[in-house]
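Undergrad: Just so we're aligned, residue 11 is where the sequence shown starts under the numbering used here, counting upward by one.
Glycine included, C-beta positions come from ideal geometry on N, C-alpha and C.
Note that the structure is predicted; figures quoted are calculated from it, not measured.
Please find one structure pasted underneath; my questions will follow.
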Amino acid sequence: MDNLVGRIALYPDSLLGQVLAAATFSDQIPDAANWADGHHYLTGAALADAIQADMLPWDPSVQALLPFPSVLEMMASDMNWTQALGNAFLAQEPDVMAAVQRERQKAYQYGYLRTNPQIVVTPGSYIAIAPVNPAFIVVPVYDPLLVYAAPRPGFFVGGAIRFGFGVTIGGFFRPWGWGVSHINWGERAVFIDNARWGRTWANRGTYSHPYPNLHREIPPRPGPGGSVARGGGERREAPVPPRVPPGTETRGGETRGQPAPQRVPPGSAARGPEGRGQANRPAPVEQHQLHGRSQAEKQAPREGKGQPKEEHHR
């Protein structure tokens with residue numbers, strides 16, 4: 011478990027929580043990474059507007075990482091790891107959080123993890139990592155094989171964790187949980203918008219994020235065999251409509267029987283509901299034309315040619 015979380019354990023708590031949640035939707039990560047790469051030139055309000063305008067179908071935790079193309083690319087480039095991380099977080103959230111703390115304690119013990127101009131490190135029974143400016147998040151870059159092991163003599167530990175360009179979050183991305191999420195290390199749980207993150211392992215489709223004013227779910231479409239795809243890649247059988255006996259019709263949820271057609275004796279005229287004889291109405295004219303003649307004309311008997319074959323009306 012320690013090796014599984016090593017590459018993200020030193021992320022600021024807010025970013026770490028979003029990565030763990032997004033990993034549970036691993037099937038959405040590659041498409042999100044492509045979208046983020048194609049819109050890498052957008053930031054702040056322009057990026058938030060583009061996300062809203064495109065009505066992206068992914069889970070809000072996945073969309074929350076769109077301002078961080080490098081993080082999505084890292085996850086998309088190693089899908090086996092991403093899937094394993096998501097499965098572990100779903101099934102063993104407390105164990106995953108405990109593993110993160112063990113890795114942080116190692117990095118702090120060996121001198122790699124310290125407060126700097128980008129992050130504030132709060133040591134203790136649980137080590138918390140927060141950005142210096144909550145609205146400006148910088149992704150740390152480091153080698154997990156290096157920062158969790160004792161440094162060799164004379165090695166300068168100060169440069170083991172590097173920080174690149176930061177991402178301005180501000181209030182633009184609040185609908186995706188930024189600024190209202192944290193990790194409660196005492197409970198070993200991720201909280202988003204003051205609600206504990208959670209999904210039912212046996213039924214991924216029942217989960218919905220507590221993000222305010224955001225609904226990005228696309229109605230599932232029937233797949234092969236009449237099944238419908240749900241969040242997390244599961245498929246469920248589509249409900250089968252009840253069979254309606256012949257001679258019935260449904261109106262507004264009710265099933266009403268239709269009267270069986272009455273047999274009309276030969277030679278008699280059928281009467282409509284108001285009692286008017288149908289015999290007085292002109293017979294419909296056949297509209298199909300064959301080589302300039304109507305169907306009735308073509309089937310009319312010719313002199314000396316005998317009678318046409320009898321037609322069987324259905």
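For the candidate residues ALA55, ARG206 and ILE18, whose alpha-carbon lies nearest to that of VAL182?
TA: The sequence given here places Phe at residue 182; Val does not occur at that position. Out of ALA55, ARG206 and ILE18, ALA55 has the C-alpha closest to the C-alpha of PHE182.
Undergrad: What's the C-alpha gap between LEU14 and ALA63?
TA: 35 Å
Undergrad: Whose C-beta lies closer than 6 Å to the C-beta of THR132 among residues of the same chain, with five residues either side of it excluded?
TA: For THR132, where only same-chain residues beyond five positions count, the Cβ hits under 6 Å are ALA138.
Undergrad: Span of the beta strand (DSSP E) holding PHE78?
TA: Taken as a continuous stretch (DSSP letters only), PHE78 belongs to no beta strand (DSSP E), as it is neither H nor E.
Undergrad: Thinking just about the alpha-carbon of each residue, which of ASP41, ARG172, GLY189 and ARG162 is nearest to the one in LEU123?
TA: ARG172
Undergrad: I think SER71 touches PHE35, with their Cβ atoms under 8 Å apart; what is that distance to the nearest whole Å?
TA: 7 Å
Undergrad: Could you pull the DSSP bridge partners for THR132 from this structure?
TA: ALA138
Undergrad: Who does ALA205 pair with in a DSSP beta bridge?
TA: ILE202
Undergrad: Beta-carbon of PHE183 versus every beta-carbon of chain D: anything under 8 Å?
TA: As a matter of chain content, chain D is missing from the structure shown, which is built from one protein chain.
Undergrad: In angstroms with no decimal places, state the Cα-to-Cα distance between LEU82 and PRO22.
TA: 16 Å
Undergrad: On a CA-only basis, which of VAL200, PRO144, VAL106 and ALA159 is nearest TYR118? Give me that one, please.
TA: Relative to the Cα of TYR118, the nearest Cα in the group VAL200, PRO144, VAL106 and ALA159 belongs to ALA159.
Undergrad: To which residues of the same chain is PRO79 closer than 8 Å at the C-beta, ignoring the five residues directly before and after it?
TA: ALA43, ALA46, ASP47 and HIS50
Undergrad: Consult DSSP for PRO161 and reduce its assignment to one of helix, strand or coil.
TA: coil
Undergrad: Considering only C-alpha positions, which residue in the set ILE61, GLU197 and VAL167 is nearest to LYS116?
TA: Checked all of ILE61, GLU197 and VAL167; the closest Cα to LYS116 is VAL167.
Undergrad: Do three or more CB pairs link the region 101–111 to the region 143–152 at distances below 8 Å?
TA: no
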